Every structure is written in C-alpha cells, then in structure tokens.
Amino acid sequence: MKPPAIDALLSVQSHDMRHGALDKQIAEGPRVLAGADAKIAAEKKAFEDKKTALNALERERADLRTRRRTLEDKLTKYRTQQAEVRKNDEYQALTKEIEQGEAEKGAMESEELELLFKIDEAGAALGEEKKAHEAQLAVLQDEKNRLAAQLKEFETERAAEAAAYEKARAAAPADWLKIYDQVKTQGKRGPWVVPLKDQMCGGCHIRSSSASVQNADGKPVFCGNCGRIVYVDA
Ligand SMILES: [Zn+2]
203 MKPPAIDALL SVQSHDMRHG ALDKQIAEGP RVLAGADAKI AAEKKAFEDK
253 KTALNALERE RADLRTRRRT LEDKLTKYRT QQAEVRKNDE YQALTKEIEQ
303 GEAEKGAMES EELELLFKID EAGAALGEEK KAHEAQLAVL QDEKNRLAAQ
353 LKEFETERAA EAAAYEKARA AAPADWLKIY DQVKTQGKRG PWVVPLKDQM
403 CGGCHIRSSS ASVQNADGKP VFCGNCGRIV YVDA
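Residue 203 is where the sequence shown starts when you use our numbering, and the numbers rise one by one after that.
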C-alpha cells in the first residue's frame, strides 16, 4: 500500500518539477528572443549588403560617366584649337593628344558598358531576391512572435504552478514535507519521490535490497543507493 503521505508528496513534487522546468525556460527566454532577433538582423543585413553593392556599382558608373564627359569636353577644345593653329608641330601635338584622348574614351566606354551589364544583372537578381527576402523575414518574425507568445504562456503557467505548489505543500504532512525538502537539498535531480519496481529504484535505477519497502509503519523509506524517497505502487 502506498501511504497517503506519498500521494501528497507526489502532488508537491509534480508542481515543484513543473515550476522548476518553467523557471528554466523563462530564464532562457531573453537569450532565445535575442537569438530570434539576431536571425532577423542577419537576414536584413544580407539583403542590405546586396543593395549597398548595387549602389556602389551605380556610383562607379556615374563617376566614370562624369570623367568621360570631362574628357569629351577636352577633346572638343583640342579640335577647336587644332582648327586655329598655324604651326605644323602644334597641329601634330594636338593630333597626338586627340588620338590618346579618343583611345582613353573608347576604353572608358567599354568599361561603362561592362558596368551597365553588371548593374542590370545585380538589379534583376535583387528584384528576384526581394520576394524571398521578404518571405524569409515574415517567417523569422512569425517565429519570434511564436516564441514570445510561448514565453508569456510559460509565465502564466508558472504563476499557476507556484500557487498549486503552495496548495499541495499545505495539504502534505509536515514531517514528510521536511524530509522531501531534505532529499532535494542533497542535490539529486528530480524526481525525489520515486516508485520501487522489483526492488529497482525509479530514481537511480539501481536494484537495492535495502530499499525493500513495506511502508507499514507509515514512515518514509529511502533508496539505499541514492537516498530518494521510494514507495511501492501497489
Ligand atoms: Zn535510488
């Protein structure tokens, strides 16, 4: 027979352990939420980095265009000068400048064209990725909301468990409760009140002859190995 005090302790233990588990999960809450925030931030940053890379290409192109236009103005000036010079050597010098400038302008135009392709490609890729990015952000935000809601539920449940724990303690015999608290302070993991099956302790799973239980005298019996309170569930 399981003494009634064991039932009272099992109720205390059940609320005790659930309360402890909730404490742990609530304590981890800030870290879990920060992890969710970090995922969101990383997703945003990866997309922003791509936008920044595209902007850099556009700036590069604008800069190149400005330099090409400056060169074109210079070439126009050379051609005007060339039409006005009288001396042959001056004419030749300007021809050389114009030839060099034209070659430079050609190289710039090729470079601009290449940049333009790159910009088009990057822009198209970004457009494609925008949808995937937004979908992923929504998934991550949902995940964060779910975790936050779960945490709130844990907090509500913890308050209820704390109350139920106190109520269960009030209903348990004081002497057994004292022993329960002592077993707990020995640093074993819960459960601290465990069934004994075929002389095997439900806490440490070691067969122990010293833990044969009658509970006849209504006193707590302990596992000879781990010291947990044992009972025969019959
Ligand atoms: Zn044991």
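C-beta: ideal position from N, C-alpha, C; glycine also. Treat the numbers as computed from the prediction; the structure is a model and nothing was measured.
Assuming Ile321 and Glu260 are in contact, meaning their beta carbons sit under 8 Å apart, how far apart are those beta carbons, in whole angstroms?
Yes, Ile321 and Glu260 are in contact; Cβ-Cβ is about 6 Å, under 8 Å.
I'd like the span of the alpha helix (DSSP H) that includes Val434, first residue to last.
No alpha helix (DSSP H) contains Val434, which DSSP labels as neither H nor E.
Would you check whether ligand 1 has a heavy atom nearer than 8 Å to the C-beta of Ile408?
Result yes, Cβ under 8 Å from ligand 1.
Which partner residues does Pro397 have in the DSSP bridge list?
The partner list for Pro397 (beta bridge, DSSP) reads Tyr433.
Could you tell me if the beta carbon of Asn427 falls within a distance shorter than 8 Å of some heavy atom in ligand 2?
As far as ligands go, the structure on display features ligand 1 and does not contain ligand 2.
Where does the unbroken alpha helix (DSSP H) through Lys253 begin, and where does it stop?
Residues 206-286.
Are there three or more Cβ pairs, one per stretch, closer than 8 Å when the segment 370-377 is compared with the segment 205-216?
Using a C-beta cut-off of 8 Å, the segment 370-377 makes contact with the segment 205-216, since at least three inter-stretch Cβ pairs fall below that distance.
Give the straight-line distance between the Cα atoms of Gln401 and Tyr382, rounded to the nearest whole angstrom.
When rounded, the distance between both Cα atoms is 21 Å.
Who are Phe424's beta bridge partners in DSSP?
DSSP output for Phe424 lists Ile431 as bridge partner(s).
Per DSSP, Cys403 forms a beta bridge with which residues?
Per DSSP, the beta bridge partners of Cys403 are Leu398.
Alpha helix (DSSP H) segment containing Ala366, residue limits
290-373 is the span of the alpha helix (DSSP H), which, as asked, contains Ala366.
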